[in-house]
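A.B. asks:
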Amino acid sequence: MTWRLHISNRAIQYLDILDGETPLVAAWSRRDRVAYYHLETGAPMGEHALRTLAVENRQGIEWQAFLAELVAPNGAHLPVVRTPH
13 MTWRLHISNR AIQYLDILDG ETPLVAAWSR RDRVAYYHLE TGAPMGEHAL RTLAVENRQG
73 IEWQAFLAEL VAPNGAHLPV VRTPH
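For the sequence shown, this note's numbering assigns the number 13 to the initial residue and increments by one for each residue that follows.
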C-alpha cells in the first residue's frame with residue numbers, strides 16, 4: 013500500500029481497484045475527485061476532478077462526452093461515480 017503515502021493528508025472516501033494492463037487503485041478523496049496509483053508500486057498515475065453535469069437528455073452529445081471522461085489512465089471505466097444529481 014505504498015500509494016497510501018501520497019495521500020496521507022487526505023481522508024479516503026472509498027477505493028476502487030481497476031483491472032487492466034496496468035492495475036490501478038482509484039482513491040476517492042471527495043465525491044468528485046479521484047487520484048490513481050499503480051496497484052503494485054504505488055506510483056502516482058494521475059488525478060481527475062469530475063465536472064458537475066445537469067443534463068435532462070441522456071442521449072445527447074453532452075452526456076456522451078461526460079461518460080467518455082469516466083475512464084481511468086489504464087483505460088478501465090470507473091465502476092461507480094457519485095454525483096449530486
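We treat Cβ as the ideally placed atom computed from N, Cα and C, and that holds for glycine.
A quick note: this is a predicted structure, and the numbers were derived from the prediction, not measured.
In or out: TYR49 buried (at least 16 other Cβ within 10 Å) or exposed?
C.D. replies: By one-based count along the sequence shown, residue 49 stands at place 37. Its Cβ being crowded by 16 or more others within 10 Å, TYR49 is buried.
A.B. asks: Considering only C-alpha positions, which residue in the set ASP31, ALA47, LEU36, THR34 is nearest to ILE24?
C.D. replies: Here residue 24 refers to the residue found at position 12 when the sequence shown is read from its first residue. Of the listed residues, the one whose Cα sits closest to ILE24 is ALA47.
A.B. asks: Could you check where the beta strand (DSSP E) with LEU36 kicks off and where it finishes?
C.D. replies: In the sequence shown, residue 36 corresponds to position 24, counting from 1. 36-42 is the span of the beta strand (DSSP E), which, as asked, contains LEU36.
A.B. asks: Taking the continuous alpha helix (DSSP H) assigned at LEU79, which residues delimit it?
C.D. replies: Taking the first residue of the sequence shown as position 1, residue 79 is located at position 67. Counting along the chain, the alpha helix (DSSP H) containing LEU79 begins and ends at 73-80.
A.B. asks: What did DSSP end up calling LEU90 once you bin it into helix, strand or coil?
C.D. replies: As a first step, residue 90 must be located in the sequence shown, where it is residue number 78. Coil, per DSSP.
A.B. asks: Of all the options ASN69, GLU74, ALA38, THR64, which has the alpha carbon lying nearest to the alpha carbon of MET57?
C.D. replies: Locating residue 57 in the sequence shown gives position 45, counting from the first residue. Checked all of ASN69, GLU74, ALA38, THR64; the closest Cα to MET57 is ALA38.
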